[in-house]
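S.K.: Please find one structure pasted underneath; my questions will follow.
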Amino acid sequence: MASSPHVFSTVEIFAGRVVPHGYYKMIHRDSWFGDSAFYLRMLGFAVFFTFLRLAVARWVVKPLGKPLNLKASNYTKLEEAIMQVGFYTWGWSYNAAYLFKQDWFWNPIVSFLDNFPRQANEYAIFHLPKQDWRHGTTRLTIGWYLHGVYTHFFLDTKKSDFAIMIVHHVVTLSLLYGAYVVGYFRVGMLVMFSMDVCDTFLYSAKILKIVKSGGKVDYPAAVYYIGFGMIPVSWFFFRLVYFPFVVMRTTAIDGLIASGYDNADGWAPFNILLLILLCLNTWWFSIIVKIMWRSITSQSLQALDDIREKEANAELLANKEACSGGEKHTTHQKRASSEQNTKKTPKKNQ
Numbered sequence: 023m024a025s026s027p028h029v030f031s032t033v034e035i036f037a038g039r040v041v042p043h044g045y046y047k048m049i050h051r052d053s054w055f056g057d058s059a060f061y062l063r064m065l066g067f068a069v070f071f072t073f074l075r076l077a078v079a080r081w082v083v084k085p086l087g088k089p090l091n092l093k094a095s096n097y098t099k100l101e102e103a104i105m106q107v108g109f110y111t112w113g114w115s116y117n118a119a120y121l122f123k124q125d126w127f128w129n130p131i132v133s134f135l136d137n138f139p140r141q142a143n144e145y146a147i148f149h150l151p152k153q154d155w156r157h158g159t160t161r162l163t164i165g166w167y168l169h170g171v172y173t174h175f176f177l178d179t180k181k182s183d184f185a186i187m188i189v190h191h192v193v194t195l196s197l198l199y200g201a202y203v204v205g206y207f208r209v210g211m212l213v214m215f216s217m218d219v220c221d222t223f224l225y226s227a228k229i230l231k232i233v234k235s236g237g238k239v240d241y242p243a244a245v246y247y248i249g250f251g252m253i254p255v256s257w258f259f260f261r262l263v264y265f266p267f268v269v270m271r272t273t274a275i276d277g278l279i280a281s282g283y284d285n286a287d288g289w290a291p292f293n294i295l296l297l298i299l300l301c302l303n304t305w306w307f308s309i310i311v312k313i314m315w316r317s318i319t320s321q322s323l324q325a326l327d328d329i330r331e332k333e334a335n336a337e338l339l340a341n342k343e344a345c346s347g348g349e350k351h352t353t354h355q356k357r358a359s360s361e362q363n364t365k366k367t368p369k370k371n372q
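Using the working numbering, you'd call the opening residue of the sequence shown number 23 and step up by one each time.
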């Protein structure tokens with residue numbers, strides 16, 4: 023019996039080629055709001071990352087601290103950097119390997135042409151049926167940012183942009199969650215693709231700086247400049263070019279044209295959050311340029327220090343000095359008052 027002819031999907035027609043079938047297809051559900059297991063998994067991942075950080079501190083950073091002659095203040099910084107590099111290197115590599123196989127990655131408007139917002143993803147990195155790999159990694163990423171909010175309050179070194187980082191994490195969590203439950207999860211993958219690679223370079227450079235600070239390890243200045251030079255290059259290309267001109271253009275303009283406003287659930291709040299993220303990225307890029315310019319003009323590797331940490335330390339020192347000055351002033355007033363009372367007290371006749 024002859025098989026029925028294959029009906030090409032919108033993605034296949036728009037891409038101009040036949041998509042091979044037989045792979046596991048991930049179809050977005052109508053709603054995840056009432057799925058308690060969904061939230062439990064996210065919280066479980068957040069707890070997992072917190073315990074993983076403690077394990078890194080005990081079995082990786084602590085044994086390396088003495089041989090590298092690290093200061094006590096650098097232990098926490100190294101823990102943070104190792105965790106960030108590990109997660110973002112894995113996350114971006116996995117995401118990129120997945121996205122490169124998707125037709126809609128090369129032309130993101132396809133995201134809104136193929137039965138938006140309840141879409142199916144062709145291809146899987148691992149050919150394992152009944153395993154929702156992409157959904158699992160999205161929950162994992164949400165758990166990571168929940169863990170990030172906790173660490174910024176209780177574990178990480180305080181920086182001058184502490185409040186900005188909290189805003190960034192809240193915005194990112196809202197985007198990831200909204201993208202997942204509403205149906206923008208394809209665009210959510212593009213957002214993570216444009217963001218994660220920059221953090222890999224940023225925290226790798228921090229590890230170089232921390233390891234060298236103890237004086238036990240030395241490497242050529244070129245390693246420094248290449249490592250730190252990749253930060254502004256990747257930041258500019260991925261976060262200030264690809265993100266606004268590909269991702270935001272797709273969600274704000276192309277997607278609206280393709281699917282219509284009535285079918286674009288959450289269009290306004292989703293794009294407002296993306297705009298906030300773009301503003302934060304632009305502000306951080308100005309700090310990166312400031313650090314790089316200071317390093318070039320001073321011709322000193324010390325100029326590559328994170329000025330956010332210096333500003334936070336300066337603010338803390340100023341607060342301590344203010345408190346100390348206030349205590350000294352109060353003590354002086356009490357002493358002066360005591361001396362005046364002594365003078366006023368009449369001497370007894372002998």
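Quick reminder that beta carbons are idealized off the backbone N, C-alpha and C, glycines included.
1. If I follow the unbroken alpha helix (DSSP H) through Q106, where does it start and stop?
2. Less than 8 Å between the C-beta atoms of K228 and K99, yes or no?
3. Work out the CA separation of Y110 and V219 for me, nearest whole Å.
4. Does DSSP classify S196 as helix, strand or coil?
5. Determine the contact status of T273 and L296, defining contact as a CB-CB distance below 8 Å.
6. Less than 8 Å between the C-beta atoms of R63 and M105, yes or no?
7. How big is the Cα-Cα spacing for G249 and S58?
8. Rounded to whole angstroms, what is the Cα-Cα separation between I186 and Y61?
9. Using C-beta distances below 7 Å, list every residue in its chain close to S216, excluding the 5 sequence neighbours before and after it, in chain order.
10. Identify whether Y202 lies in helix, strand or coil by the three-state DSSP scheme.
11. Roughly how many angstroms separate the alpha carbons of S235 and S281, rounded to a whole number?
12. Can you check which of these residues, D276, L168, N91, is closest to L135 by C-alpha distance?
13. So the candidates are V233, W306, Y241; which of them puts its Cα closest to the Cα of N96?
14. What are the boundary residues of the alpha helix (DSSP H) that includes K238?
15. Residues in its own chain within less than 6 Å of T194 by CB, not counting five upstream and five downstream?
16. First and last residue of the alpha helix (DSSP H) that includes L262?
17. Taking the alpha carbon of P89 as the point to measure from, which residue in V213, V239, N129 has its own alpha carbon closest?
18. State buried or exposed for P130, treating a residue as buried only when at least 16 other CB atoms are found within 10 Å of its CB.
19. In its own chain, which residues sit with a C-beta less than 6 Å from the C-beta of L339, not counting the 5 before and 5 after it?
20. Is it buried or exposed for W128, if we count other Cβ within 10 angstroms and need 16 for buried?
21. Would you report the Cα separation of I279 and A201, rounded to the nearest angstrom?
22. Under 8 Å, do V82 and S226 count as touching if we go by C-beta distance?
23. Drop a sphere of 10 angstroms on the beta-carbon of T160, count the other beta-carbons inside from all chains shown, and report buried for 16 or more, exposed for fewer.
24. Can you grab the Cα-Cα spacing for the pair L230 / Y283, in whole Å?
25. Alpha carbon to alpha carbon, how far is N91 from F122? Give it in angstroms, no decimals.
26. For a minimum of 4 consecutive residues, which ranges assigned as the alpha helix (DSSP H) are wholly contained in the region 207-258?
27. Spatial neighbours of F310 within its chain, please: C-beta separation below 8 Å, excluding the five flanking residues on both sides.
28. Closer than 7 Å to a non-hydrogen atom of the ligand GDP - does that hold for the CB of W257?
29. How far does the alpha helix (DSSP H) with D125 in it extend, from its first residue to its last?
M.R.: So, to answer that:
1. As a working mapping, residue 106 is identified with position 84 in the sequence shown. Segment 94-121, the alpha helix (DSSP H) holding Q106.
2. On the sequence shown, position 206 is the one that residue 228 refers to. On the sequence shown, position 77 is the one that residue 99 refers to. Their beta carbons are under 8 Å apart, which means K228 touches K99 by this criterion.
3. Sequence index remark: in the sequence shown, residue 219 carries index 197 (1-based). Sequence index remark: in the sequence shown, residue 110 carries index 88 (1-based). For V219 and Y110, the distance between alpha carbons rounds to 7 Å.
4. What you label residue 196 is simply residue 174 of the sequence shown in a count that begins at 1. Note: S196 maps to helix in three-state DSSP.
5. Taking the sequence shown and counting its residues from 1, the one referred to as residue 273 is at position 251. Taking the sequence shown and counting its residues from 1, the one referred to as residue 296 is at position 274. Going by C-beta atoms, T273 is nearer than 8 Å to L296.
6. Here residue 63 is taken as the residue at index 41 of the sequence shown, counted from 1. Here residue 105 is taken as the residue at index 83 of the sequence shown, counted from 1. Not closer than 8 Å, so no.
7. Along the sequence shown, read from residue 1 onward, the residue named residue 249 stands at position 227. Along the sequence shown, read from residue 1 onward, the residue named residue 58 stands at position 36. One C-alpha to the other measures close to 43 Å.
8. As a position in the sequence shown, residue 186 is number 164, starting the count at 1. As a position in the sequence shown, residue 61 is number 39, starting the count at 1. Cα to Cα, the separation comes out at about 26 Å.
9. By 1-based counting over the sequence shown, the position of residue 216 is 194. The answer, listed in chain order, is F260, R261, Y264, F265, V269.
10. As a working mapping, residue 202 is identified with position 180 in the sequence shown. Helix at Y202.
11. The sequence position of residue 235 within the sequence shown is 213, counting from 1. The sequence position of residue 281 within the sequence shown is 259, counting from 1. Their backbone Cα atoms lie some 54 Å apart in a straight line.
12. By one-based count along the sequence shown, residue 135 stands at place 113. Nearest option by C-alpha distance: D276.
13. In the sequence shown, the residue the question calls residue 96 occupies position 74. The candidate whose alpha carbon is nearest that of N96 is V233.
14. Mapped onto the sequence shown, residue 238 falls at position 216. Counting along the chain, K238 falls outside any alpha helix (DSSP H), and DSSP gives it neither H nor E.
15. If you number the sequence shown from 1, residue 194 lands on position 172. Y167.
16. On the sequence shown, residue 262 is found 240 positions in, with the first residue counted as 1. For L262, there is no enclosing alpha helix (DSSP H), as DSSP marks it with neither H nor E.
17. Working through the sequence shown from its first residue, we reach residue 89 at position 67. Of the candidates V213, V239, N129, the one whose C-alpha sits nearest the C-alpha of P89 is V239.
18. For the purposes of this step, residue 130 is identified with residue 108 of the sequence shown, where counting begins at 1. Its Cβ being crowded by 16 or more others within 10 Å, P130 is buried.
19. One-based indexing of the sequence shown puts residue 339 at position 317. Only weak support is given to the placement of L339: the predicted model assigns it a pLDDT of 49, under 50, and the value that follows is read from those uncertain coordinates. Here L339 has no same chain residue with a Cβ atom under 6 Å from its own Cβ, once five neighbours each way along the sequence are excluded.
20. The count along the sequence shown starts at 1 and reaches residue 128 at position 106. So W128 counts as exposed.
21. Translated into the one-based positions of the sequence shown, residue 279 becomes position 257. Translated into the one-based positions of the sequence shown, residue 201 becomes position 179. Their backbone Cα atoms lie some 19 Å apart in a straight line.
22. Translated into positions along the sequence shown, residue 82 becomes position 60. Translated into positions along the sequence shown, residue 226 becomes position 204. Taking 8 Å as the Cβ cut-off, V82 and S226 do not qualify as a contacting pair.
23. For this step, residue 160 is matched to residue 138 along the sequence shown. So T160 counts as buried.
24. Locating residue 230 in the sequence shown gives position 208, where the first residue counts as 1. Locating residue 283 in the sequence shown gives position 261, where the first residue counts as 1. Inter-residue distance for L230 and Y283 is about 48 Å (C-alpha atoms, whole angstroms).
25. Here residue 122 corresponds to residue number 100 of the sequence shown, with the count starting at 1. Here residue 91 corresponds to residue number 69 of the sequence shown, with the count starting at 1. When rounded, the distance between both Cα atoms is 43 Å.
26. 207-235, 243-256
27. The residue labelled residue 310 in the question sits at position 288 within the sequence shown. According to the sequence displayed, residue 310 carries Ile and not Phe. Counting only Cβ-Cβ distances below 8 Å, and skipping sequence neighbours, we find I253, P254, W257.
28. Because no ligand of any kind appears in the structure shown, any question about the ligand GDP cannot be addressed here.
29. Reading the sequence shown from its first residue, position 103 is the one you call residue 125. Unbroken alpha helix (DSSP H) run through D125: 125-128.
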